[in-house]
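The block underneath contains the structure these notes are about, expressed in structure tokens.
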Amino acid sequence: MALTILGLSGALSHDPSAALYIDGKLIAAVEEERFVRDKHAKNRMPYESAKFCLEQAGIKPEDVDVVAIPFAPISLFGKARWHYAKRYAYAPDRALDAILMGNRRYKRYHKRIQWCLQQLGFDLKKIKIEPVEHHLAHASSAYHCSGFTEKTAILGIDGKGEYATTFFGWGENGKIHKIKEFYDPDSLGGLYGAITEYLGFEMLDGEFKVMGMAPYGDASKYDFSRLAKFENGELVINTDYANVIGFRRYKEKGKGFYFSPKLIEWLGPKREGDIADDPYIHYAASMQALFEKLALEMMEHYLGDILKETGKIAFAGGCALNVKLNQKIIARDDVKELFVQPASGDAGTAVGAAAYVSYQRGVPVEKMEHVYLGPAYSNEEIIAACAKHPNQPAWRRIDNTPQRIAKIMVDGNPVAWFQGRMEFGPRALGGRSIIGCPSVPGVADRINAQIKFRERWRPFCPSMLDTVAAQMLKVDHPSPFMTFTFEVNEEWKNRVGEVVHEDGTSRAQVLERRHNPRWYDLMKELENLTGNGVSLNTSLNRRGEPMICSPTDALNMFYGSDLQYLIMEDILVVKAPLN
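Following UniProt numbering, the numbering of the sequence shown begins with 1 at its first residue and continues without gaps.
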């Protein structure tokens, strides 16, 4: 009998997703936001994503053995709820709630999952719902998917799960051992999120914008050390300033923020608008520097011995998407290899919970080598979408797609590239991408101004052939998922200037052909034409929208932007008259 496990995330009311393992093989994984066209799909359940997973596998609800959820009840006899109550004593209603009704969120989530399963046709009497602690789900999504066979250090840093905010542990022979957890409000992810809000972005969405802004600033101009410290093995956030609840919050137009009026008194008014200017760029740099310093100190304290033993580390939780921190982790002498779960935010906990339960039941899961786990569409489905679309797209079917598209790119045009199965996780990796030739000056600005409508200082990333990485990047380390930045060798900074950030780094995808042959062949063709086997690559979406999923989504986006070329499988859609 095959073991079939469906993982469903969405416990914290954002980033719901679904993932399906059959006998340890990840058949499908996808975020709900892509189907419902609502970024982060807040307060929704993973209905469409679960439906897709079942359809992709060709199975029915009754074929599923267990549903794994990344949220579990937390005992009153552990430290977590008491720590929360003590640290939030200034808001007695919340503190008491943690003690008396501490699993209320879990119960509510469990009910909503049951409702969602009923809508999908599950019989609640016959299906087992298995809760996995949120941080264990993160840990599993990193460790079990890493393919590491030796003893592995495990790090999890995010805003918070049930109560935990940070996880240190190790994995061996498939078993995860917990060393230490920190609890809310002592959360490095929460602190970064609070400063993200102060800098004018949305928490759980804008953190990478702060990271992108940081290289423009000078971290030495402001001392942020008062916000948090790590001493005697404990992280303590200063809740006079950040990670605040109740009356202590700064409020504006009826909205409460995760920082206090005291932060405004210290640093000045909250940033508004799209300009990255003084002093806010320096604040971003100071926050990033504090984040890196504390994360590395905590890692050394709890995981240093394990790293010296084997050099392997697996990392997940929203903060694992901080590619600058990851660059510093790789630079440590005792780190041989770092695996970062590509969907390390909460969407990835659907994979983690399912993988964890699979291991508990004696079925190890395969190494996660690619993220092409969402829907794919045939040429026929694409033509049908064109036929139905109100803009009456001018389309044609083309041969030699990589060669034709590479030529359009080298002529200076950005192209919407829609091929194969959609990516799981926040990074476009050649399934749903906007691409450009990185040696054409100004192509990044064109994409920013005409298509993405996003902040000018946000960097664009390179995807490259595996044969190019060793020449272009200063550090040799696997990077299939754009989860690391690397310093770029001098010569290449000029060759592909459009994908090198202000600080001389690039967040690279290094591709092996077997994982996405068409994307590889396109870059090979760019190499033939320009000498550089590198493409500029950003996600196929407009600002504030989720990544494109279907051909209709792609057409809507295409006609809502200044893009001139859209290639979906072999169907080329062009705005200018077809000659």
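Glycine residues also receive a C-beta, built at the ideal position from the N, C-alpha and C atoms.
In this text, all values refer to a predicted model and were calculated from it rather than measured experimentally.
Can you list, in chain order, the residues of its chain with a C-beta nearer than 7 Å to that of residue i? Leave out the 5 residues immediately preceding and following it.
| i | result |
| --- | --- |
| Arg458 | Lys209, Gly212 |
| Leu124 | Gln114, Leu117, Gln118 |
| Ser561 | Gln450, Ile451, Arg542 |
| Asp63 | Thr4 |
| His501 | Pro215, Pro459 |
Taking C-beta to C-beta, are residue i and residue j nearer than 7 Å?
| i | j | result |
| --- | --- | --- |
| Gly544 | Leu465 | no |
| Tyr198 | Phe122 | no |
| Pro61 | Pro16 | no |
| residue 585 | Asp334 | In the structure displayed, the chain extends from 1 to 579; residue 585 sits before or after that span and is not available. |
| Phe168 | His135 | no |
| Ala29 | Phe424 | yes |
| Val357 | Ala68 | yes |
| Asp521 | Arg397 | no |
| Ala376 | Gly317 | no |
| Ala85 | Ile99 | yes |
| Arg507 | Cys461 | yes |
| Phe257 | Arg249 | yes |
| Met547 | Arg432 | yes |
| Ala284 | Ala214 | yes |
| Ser13 | Lys42 | yes |
| Glu33 | Lys25 | no |
| Leu529 | Val410 | yes |
| residue 580 | His301 | What the structure shows of the chain is the stretch from 1 to 579, and residue 580 is not part of that stretch, so it cannot be assessed. |
| Asp186 | Val244 | no |
| Pro11 | Tyr109 | Per the sequence shown, the amino acid found at residue 11 is Ala instead of Pro. Contact flag set, yes. |
| Tyr559 | Asn379 | no |
Rounded C-beta distance between residue i and residue j? I'm assuming under 8 Å.
| i | j | result |
| --- | --- | --- |
| Ala139 | Gly156 | 5 Å |
| Tyr183 | Lys79 | 7 Å |
| Val496 | Ser439 | 6 Å |
| Lys270 | Gly200 | 6 Å |
| Phe224 | Leu294 | The Cβ separation is near 10 Å, so there is no contact. |
| Leu204 | Phe291 | The pair is not a contact, with the Cβ atoms about 16 Å apart (cut-off 8 Å). |
| Ser463 | Met523 | 7 Å |
| Pro414 | Leu563 | 6 Å |
| Gly58 | Arg81 | At roughly 43 Å, the Cβ-Cβ gap does not stay under 8 Å, so Gly58 and Arg81 are not in contact. |
Considering only C-alpha positions, which residue in the set the options is nearest to residue i?
| i | options | result |
| --- | --- | --- |
| Gln56 | Asp570, Gly374, Lys388 | Gly374 |
| Phe52 | Leu76, His110, Ile27 | Ile27 |
| Phe148 | His301, Lys336, Leu267 | Lys336 |
| Asp240 | Lys251, Ala228, Asn232, Gly233 | Ala228 |
| Lys151 | Thr310, Leu572, Lys324 | Thr310 |
| Ser344 | Cys145, Trp82, Ile567 | Cys145 |
| Glu252 | Val244, Pro261, Ile245 | Pro261 |
| Val371 | Gly362, Ala444, Ile405, Arg427 | Arg427 |
| Ala554 | Glu490, Asp278, Glu381, Gly442 | Glu381 |
| Val468 | Lys25, Asp503, Asn413, Gly531 | Gly531 |
| Lys180 | Ala164, Gly174, Val244, Ile195 | Ala164 |
| Leu267 | His282, Lys388, Phe481 | His282 |
| Ile264 | Ala2, Trp82, Arg112, Ile195 | Ile195 |
| Asn238 | Tyr88, Arg112, Arg404 | Tyr88 |
Excluding the five sequence neighbours on either side, which residues of its own chain have a C-beta within less than 8 Å of the C-beta of residue i, listed in chain order?
| i | result |
| --- | --- |
| Asn326 | Phe315, Ala320, Leu338, Val340, Thr483, Phe484, Thr485 |
| Ser286 | Gly217, Ala219, Lys221, Tyr222, Asp223, Phe224 |
| Asp399 | Asp570 |
Can you tell me where the alpha helix (DSSP H) with residue i in it begins and where it stops?
| i | result |
| --- | --- |
| Gly110 | The question names Gly, yet the displayed sequence has His at residue 110. 104 to 119 is the span of the alpha helix (DSSP H), which, as asked, contains His110. |
| Gly193 | 188 to 198 |
| Leu465 | First-last for Leu465: 461 to 465, but that is the beta strand (DSSP E), not the alpha helix (DSSP H). |
| Ser146 | 134 to 146 |
| Leu563 | Looking at the DSSP string, Leu563 is not in any alpha helix (DSSP H), and its letter there is neither H nor E. |
| Pro551 | 551 to 559 |
| Ile281 | 280 to 310 |
| Asn516 | No alpha helix (DSSP H) holds Asn516; DSSP gives it neither H nor E. |
| Ile99 | 92 to 100 |
Cutting at 6 Å between CB atoms, please list the residues of its own chain near residue i, excluding the five before and the five after it.
| i | result |
| --- | --- |
| Glu31 | Ser17, Ala347 |
| Ile330 | Leu338, His477 |
| Ala153 | Trp170, Leu303, Ile306, Leu307, Ile313 |
| Ala19 | Gly7, Ala29, Ala350, Val351, Ala354 |
| Ala289 | Ala219 |
| Glu130 | Val66, Ala68, Val357 |
| Glu498 | Pro438, Val443, Ala444, Leu536 |
| Cys386 | Pro393, Trp395 |
| Leu96 | none |
Kindly indicate the opening and closing residues of the beta strand (DSSP E) around residue i.
| i | result |
| --- | --- |
| Thr505 | 505 to 507 |
| Thr166 | 164 to 172 |
| Asn494 | Per DSSP, Asn494 belongs to no beta strand (DSSP E); it is in the alpha helix (DSSP H), 490 to 495. |
| Thr485 | 485 to 487 |
| His83 | Unbroken run through His83 is the alpha helix (DSSP H), 80 to 87; no beta strand (DSSP E). |
| Thr538 | 534 to 539 |
| Gly7 | 4 to 9 |
| Pro402 | It is not in any beta strand (DSSP E) - Pro402 instead sits in the alpha helix (DSSP H) that spans 401 to 410. |
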